[in-house]
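Q: The structure that follows is given in the form of structure tokens.
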Amino acid sequence: MRRPLMRRLARDETGVSAVEFALIAPVMILFYAGMVDLCQGYMAVRRTSHVAASVADLTAQSRDITKADIDNVFLVGPSIMAPFAPASLEQRVSSVSRDTTTKYTVNWSRSWATSGGSGALSGRLTVADADIPADLLPVGSSIIIAEARYTYASPFQRFLPSASFTRRAYLNPREVTQIACTDC
Numbered sequence: 001m002r003r004p005l006m007r008r009l010a011r012d013e014t015g016v017s018a019v020e021f022a023l024i025a026p027v028m029i030l031f032y033a034g035m036v037d038l039c040q041g042y043m044a045v046r047r048t049s050h051v052a053a054s055v056a057d058l059t060a061q062s063r064d065i066t067k068a069d070i071d072n073v074f075l076v077g078p079s080i081m082a083p084f085a086p087a088s089l090e091q092r093v094s095s096v097s098r099d100t101t102t103k104y105t106v107n108w109s110r111s112w113a114t115s116g117g118s119g120a121l122s123g124r125l126t127v128a129d130a131d132i133p134a135d136l137l138p139v140g141s142s143i144i145i146a147e148a149r150y151t152y153a154s155p156f157q158r159f160l161p162s163a164s165f166t167r168r169a170y171l172n173p174r175e176v177t178q179i180a181c182t183d184c
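Take 1 as the starting number for the sequence shown in full-length UniProt numbering and just add one per residue.
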């Protein structure tokens with residue numbers, strides 16, 4: 001009596017789909033979670049680039065600027081980064097002029113960071129860090145350099161590390177040769 005029952009169970013295929021699903025579902029869920037995280041990270045990179053470009057654009061429209069004006073321009077960053085948490089967003093905007101073919105001067109620089117920022121963009125931009133391409137800035141002119149840095153924390157932090165993105169935007173002043181900052 002035991003043999004016919006064993007043969008019948010060996011030929012029974014009614015539970016094959018459930019077993020296949022149980023084997024494949026964890027892999028598919030992990031793949032889906034990875035794709036979600038990849039897309040979120042890419043969106044954070046794009047928004048970081050947009051923050052740098054927007055800060056540079058708003059600053060380049062001025063004839064002269066103050067610390068308070070720059071601080072107001074920095075307020076656009078957290079709005080652009082939404083729905084990402086602005087806690088790890090850092091920004092810096094600077095004016096650099098080219099005096100001769102080999103001499104650059106940082107005219108002014110201002111940075112902003114929330115409490116969660118790592119401080120990579122804190123302080124004044126140095127000429128060495130400006131990294132301006134030689135053909136971008138003719139002698140006797142100036143350029144606005146806006147930088148944004150965002151540290152993206154994955155929703156799956158237990159498995160994936162956080163990543164920091166730094167983006168930079170260069171724009172020439174629109175109204176004047178060099179934007180003056182009266183109290184920077």
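Even for Gly, the Cβ is constructed at its ideal location relative to N, Cα and C.
Can you list, in chain order, the stretches of the alpha helix (DSSP H) that have 4 or more residues and sit fully within the segment 35-108?
A: Fully enclosed alpha helix (DSSP H) runs of 4 or longer: 67-74 and 76-81.
Q: Along the chain, where does the alpha helix (DSSP H) containing A130 start, and where does it finish?
A: Along the sequence shown, one-based indexing puts residue 130 at 130. Segment V127 to A130, the alpha helix (DSSP H) holding A130.
Q: Taking the alpha-carbon positions, what's the F74 to V55 distance?
A: In the sequence shown, the residue the question calls residue 74 occupies position 74. In the sequence shown, the residue the question calls residue 55 occupies position 55. Approximately 7 Å, taken between the alpha carbons.
Q: List the endpoints of the continuous beta strand (DSSP E) containing A146.
A: Your numbering for residue 146 matches position 146 in the sequence shown. Element bounds for A146: S142 to Y152.
Q: Would you mind working out which of E175, R168 and P155 sits nearest G41, comparing C-alpha positions?
A: As a working mapping, residue 41 is identified with position 41 in the sequence shown. Per the Cα distances, P155.
Q: Buried or exposed, going by whether 16 or more other CB atoms sit within 10 Å of the CB of I29?
A: One-based indexing of the sequence shown puts residue 29 at position 29. When all chains shown are included, I29 counts as exposed.
Q: Taking only three categories from DSSP, how would you classify R174?
A: Indexing the sequence shown from 1 puts residue 174 at position 174. Note: R174 maps to coil in three-state DSSP.
Q: Can you tell me whether S162 is helix, strand or coil according to DSSP?
A: Translated into the one-based positions of the sequence shown, residue 162 becomes position 162. Residue state, collapsed to three classes: coil.
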